[in-house]
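K.L.:
Residue numbering for the sequence shown follows this note's numbering, beginning at 291 and increasing consecutively.
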Amino acid sequence: MNIKLIKTEEDYQLALQRLEEIFDAEPDTQDGDELEVLSFLIDSYEKEHFPIEAPDPIEAVKFRMEQLGIKQKDLAQVLGFKSRVSEVLNRKRKLTLEMIRSLHKTLNIPTNVLIQEY
Numbered sequence: 291m292n293i294k295l296i297k298t299e300e301d302y303q304l305a306l307q308r309l310e311e312i313f314d315a316e317p318d319t320q321d322g323d324e325l326e327v328l329s330f331l332i333d334s335y336e337k338e339h340f341p342i343e344a345p346d347p348i349e350a351v352k353f354r355m356e357q358l359g360i361k362q363k364d365l366a367q368v369l370g371f372k373s374r375v376s377e378v379l380n381r382k383r384k385l386t387l388e389m390i391r392s393l394h395k396t397l398n399i400p401t402n403v404l405i406q407e408y
């Protein structure tokens with residue numbers, strides 16, 4: 291096992307190639323241990339160099355509605371009125387704290403996504 295820190299794009303590409311080679315390694319073997327350590331190093335490099343920003347709150351709501359097969363009229367039970375749902379989804383009304391709590395509880399969207407400015 292020849293593990294080193296991933297500092298450059300070249301190091302990253304080599305680590306990905308090696309990961310692919312040993313991807314099916316059995317746990318508690320030399321290759322299995324290398325796979326585990328390499329995965330942590332790659333993850334760390336990706337978090338630093340390719341950060342994924344949280345989605346826009348309204349887009350997150352729309353995406354979750356689509357995933358769950360929820361229509362705007364169904365969301366009226368969560369936000370209060372059908373017209374309010376339309377205003378929120380069309381960005382004419384900001385989410386209130388109570389709406390954020392309801393959306394978090396009902397749609398299971400993280401509150402840190404819902405509280406962002408948009």
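We put the beta carbon where it would ideally sit given N, CA and C, even for glycine.
By how many angstroms is the C-alpha of residue 379 removed from the C-alpha of residue 393?
P.N.:
When rounded, the distance between both Cα atoms is 13 Å.
K.L.:
Assign residue 296 to buried or exposed, taking buried as 16 or more other Cβ atoms, counted over all protein chains shown, within 10 Å of its Cβ.
P.N.:
Residue 296 should be labelled buried.
K.L.:
Taking residue 301 as the reference, which of 406, 355, 328 has the closest Cα?
P.N.:
Among 406, 355, 328, the Cα nearest to that of residue 301 is on 328.
K.L.:
Going by C-alpha to C-alpha distance, which of 344, 320, 308, 348 sits closest to residue 331?
P.N.:
Checked all of 344, 320, 308, 348; the closest Cα to residue 331 is 308.
K.L.:
Cα separation between residue 355 and residue 291?
P.N.:
Going by the C-alpha atoms only, they are around 46 Å apart.
K.L.:
Return the residue from the list 340, 387, 363, 320 that minimises the CA-CA distance to residue 406.
P.N.:
Looking at the Cα atoms, 387 is the closest of the given residues.
K.L.:
Measuring straight from C-alpha to C-alpha, what distance separates residue 401 and residue 343?
P.N.:
Their Cα atoms are separated by approximately 14 Å.
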